Amino acid sequence: MTDSTTFPSTYPAAGVGIATRGMSLEEPLLFESSRPGAVGYSLPKADVPDCDPASVLPDEFLREDIPNFPELSEPEVVRHFTRMSTWNAAVDLGLYPLGSCTMKYNPKVNERVARLSGFANTHPLQAQELSQGLLGSMMDLSEYLAEVAGFDHVTLQPAAGAQGELAGVMMIRAYHEARGEQRTKILIPDTAHGTNPASAALNGYDTISIPTGDDGILHPEAIEPLMGPDVAGLMITNPNTLGLFEENLVEIAKIVHNQGGLIYGDGANLNALMGIARPGDLGIDVMHFNLHKTFTTPHGGGGPGSGPVGIKAHLEPFLPKPVLRTHEDGGVFLDNDRPQSIGRLHGNLGNVGMMTRALTYIRFMGPDGLKRSTEMAVLNANYVAARLKDRFVLATGDRPVMHECVFSDEHLEGTDVTTMDVAKRLIDYGYHPPTTYFPLIVHGALMIEPTESESRESLDCFIAALLAIDDEARRDPGLLHKAPHNTRLTRLDETRAARKPILRWSPGSGE
Ligand SMILES: *Cc1c(COP(=O)(O)O)cnc(C)c1O
0 MTDSTTFPST
10 YPAAGVGIAT
20 RGMSLEEPLL
30 FESSRPGAVG
40 YSLPKADVPD
50 CDPASVLPDE
60 FLREDIPNFP
70 ELSEPEVVRH
80 FTRMSTWNAA
90 VDLGLYPLGS
100 CTMKYNPKVN
110 ERVARLSGFA
120 NTHPLQAQEL
130 SQGLLGSMMD
140 LSEYLAEVAG
150 FDHVTLQPAA
160 GAQGELAGVM
170 MIRAYHEARG
180 EQRTKILIPD
190 TAHGTNPASA
200 ALNGYDTISI
210 PTGDDGILHP
220 EAIEPLMGPD
230 VAGLMITNPN
240 TLGLFEENLV
250 EIAKIVHNQG
260 GLIYGDGANL
270 NALMGIARPG
280 DLGIDVMHFN
290 LHKTFTTPHG
300 GGGPGSGPVG
310 IKAHLEPFLP
320 KPVLRTHEDG
330 GVFLDNDRPQ
340 SIGRLHGNLG
350 NVGMMTRALT
360 YIRFMGPDGL
370 KRSTEMAVLN
380 ANYVAARLKD
390 RFVLATGDRP
400 VMHECVFSDE
410 HLEGTDVTTM
420 DVAKRLIDYG
430 YHPPTTYFPL
440 IVHGALMIEP
450 TESESRESLD
460 CFIAALLAID
470 DEARRDPGLL
480 HKAPHNTRLT
490 RLDETRAARK
500 PILRWSPGSG
510 E
């Protein structure tokens, strides 16, 4: 038996590459630690006459007491939040191999620039003449993104990849409607991210699933029979979620375009192409970027997302409004006179704080740096694949991968251990688990995206953890079934957590 809190001697000691020995997650709510009478502030006595709230506020806005208001001292509140802040799994603590999500390091220079007063303190409703620096920077960012991915225009408004998809498919729909065409279907490969069919369905389209070939990519023969005048377009992710380059994309785009359809590109995997291939040159008409993936803005709980959308010129009339434009005198302004626009998607320009970070990253890296980061991301994924392929089964066989590699659970056959068990055990070793059970066409998928941020030493450490866990799966499966062990909460009932989430504390809930 392996002691659940120690590691095999083959596993490197904590040091380079490993974040922590296990993650530690549990903290009472402020409501639970409340002590009646405790106060977190003290104000001097007012030197003006007291004002009776009842004399200035209507009755409906008055109350005697705030129910369940937590009472704590200032240090108690500070410690509560500081403790929780140290329990985050974050890319600043260690490798975060969440496939398809590009959890790469966020350079600190981004934060510095985003905090410059001209960016951070500009009110969204400030007069445009007084915001030229900021608007000009946004214009620069949209031009850089258009250049990186090969598009004619970029809108920065959407607040995430998913909203970018929604915007993109709305533009596709507006394009067909403007031509007087009623198209009802969208083709989507069976490896697609769930947001693709959701974006199509939200636009009222029926989604048709296209089977991926045995070699993990799409083939013109699968598309040809489905493509017709009733199909608005095809949504495609390149490289796809198996980490493979869609080699037939140009030919597939021709088939779709010949029948009047458009190609939507899911740009979440741009980290495998940046500086090397441009989606716009491969036949894609419209594509979202995920600034929080490819362009190093915070991801997940670290900040809001940002999902700009690049388009080819024929979709220009339908861009969300307002559209950033340049005057003849060089000034930048917001154009609201857009009769064919799909409308507004965000209260203002979008999540501007994220855009200043992404712009900083692009300027900092320059064209050569962006290309080099792509090369390193692809090299790292192939290194992980090569080091693990004798013990784990690559879903893509011997083909070189792009920026991520996907394993099936075939190697666990006969062990009574699942991909979920392996993922949970990784937490004990200090790693956020990779993406699991996606893409759906791979049985028990484990999808690893190391990104270019990791050194060889860091990858070796992660690989050692996976190999050690694979040994444990054979020697002591029970250990894995109950993992994680080094966390305050061990294995949770995920079905119950999803079906009956407890989102709000209430007196006596006791949970
Ligand atoms: C992350 C992702 C999305 C959705 O992007 P969000 O920014 O999370 O909304 C869509 N498709 C793929 C392939 C992704 O990895």
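Residues in the sequence shown are numbered from 0 upward in steps of one, following numbering that gives the first Met the number 0.
Every residue gets a Cβ at the ideal spot worked out from N, C-alpha and C, and that includes glycine.
Every value quoted in this text rests on a predicted model; they were computed, and no experiment measured them.
Check: HIS402 C-beta below 7 Å from any heavy atom of ligand 1: HIS402 Cβ: outside cutoff for every heavy atom of ligand 1.
Close-in-space but distant-in-sequence residues of the same chain around ASP492 (CB under 7 Å, 5 per side omitted): So no residue of the chain qualifies.
Option nearest THR489 by Cα separation, candidates ARG386, ILE426, PRO188: Checking every option, the nearest Cα to that of THR489 belongs to ILE426.
HIS511 CB to nearest heavy atom of ligand 1 below 7 Å: Only positions 0 to 510 of the chain appear in this structure, which leaves residue 511 out of reach.
PRO297 versus ARG82: straight-line alpha-carbon distance, rounded: Between PRO297 and ARG82, the C-alpha separation is close to 21 Å.
Beta-carbon contacts of THR121 that lie in its chain and below 7 Å, excluding the five residues immediately before and after: Cβ-Cβ distances below 7 Å link THR121 to SER130, LEU133 in the same chain, with the five nearest sequence neighbours on each side left out; the list follows chain order.
By C-beta, the residues closer than 6 Å to any heavy atom of ligand 1, given in chain order: Spelled out in chain order, the answer is SER99, CYS100, ALA159, GLY160, ALA161, HIS192, THR194, THR236, THR240, ASP265, ALA267, ASN289, GLY304, GLY306.
Closest Cα partner of ILE251 within the set THR240, GLY282, ILE275, VAL230: Check the Cα spacing between ILE251 and each of THR240, GLY282, ILE275, VAL230: the tightest is with GLY282.
Cβ-Cβ distance between PRO556 and VAL383 below 8 Å: As shown, the chain starts at 0 and ends at 510. That puts residue 556 outside it, with no answer to give.
Per-residue burial, ALA148 [other beta carbons within 10 Å of its own, 16 or more giving buried]: That one is buried.
Close beta carbons around SER41, own chain, < 6 Å, minus the five adjacent residues each side: Take SER41, set aside five residues on each side of it, and no residue of its chain has a beta-carbon closer than 6 Å to its own.
Local conformation of LYS517 per DSSP, three classes: As shown, the chain starts at 0 and ends at 510. That puts residue 517 outside it, with no answer to give.
Cutoff 6 Å; reference VAL90; Cβ partners in own chain excluding five residues on either side: Excluding sequence neighbours, VAL90 sits near MET102, TYR104.
Nearest neighbour of ALA126, chosen from TYR143, ASN347, ASP470 [CA to CA]: Considering only alpha carbons, the answer is ASN347.
Simplified DSSP assignment, three categories, for VAL168: Secondary structure of VAL168 (DSSP, three-state): helix.
Per DSSP, the bridge partner or partners of THR190: Looking at the DSSP assignment, THR190 forms no beta bridge with any residue, so it has no partner.
Three-state secondary structure assigned by DSSP to LEU272: In the three-state reduction of the DSSP assignment, LEU272 falls in the coil class.
Cβ-based burial, ALA463 [other Cβ within 10 Å; buried from 16]: Residue burial annotation: ALA463 is buried, with at least 16 other C-beta atoms found within 10 angstroms of its C-beta.
N- and C-terminal bounds of the beta strand (DSSP E) containing MET286: Residues 285-287.
Cut-off 7 Å between Cβ atoms - residues of its own chain near LEU344, not counting five sequence neighbours on either side: Result list for LEU344: GLN156, PRO157, GLN162, ALA166, PRO319, in chain order.
Close Cβ partners of ASP284 (< 6 Å) along its chain, the five nearest in sequence each way excluded: Here the set comprises LEU261, ILE262, LYS311.
The segment 469-479 in contact with the segment 414-423 per 3-pair CB rule at 8 Å: Cβ pair count under 8 Å is three or more, so yes.
Under the three-state DSSP convention, the category MET102 falls into: In the three-state DSSP reduction, MET102 falls in the coil class, being neither helix nor strand.
Cutoff 7 Å; reference PRO196; Cβ partners in own chain excluding five residues on either side: The beta carbon of PRO196 sits closer than 7 Å to those of ILE187, THR206, all from its chain and outside the five residues before and after it, given in chain order.
Sequence-distant residues of its chain with Cβ nearer than 7 Å to ASN335 (five each side left out): Closer than 7 Å at the Cβ level, and outside the excluded window around ASN335, lie LYS320, PRO321.
Alpha helix (DSSP H) segment containing PHE118, residue limits: In the DSSP assignment, PHE118 falls within the alpha helix (DSSP H) that extends over 116-119.
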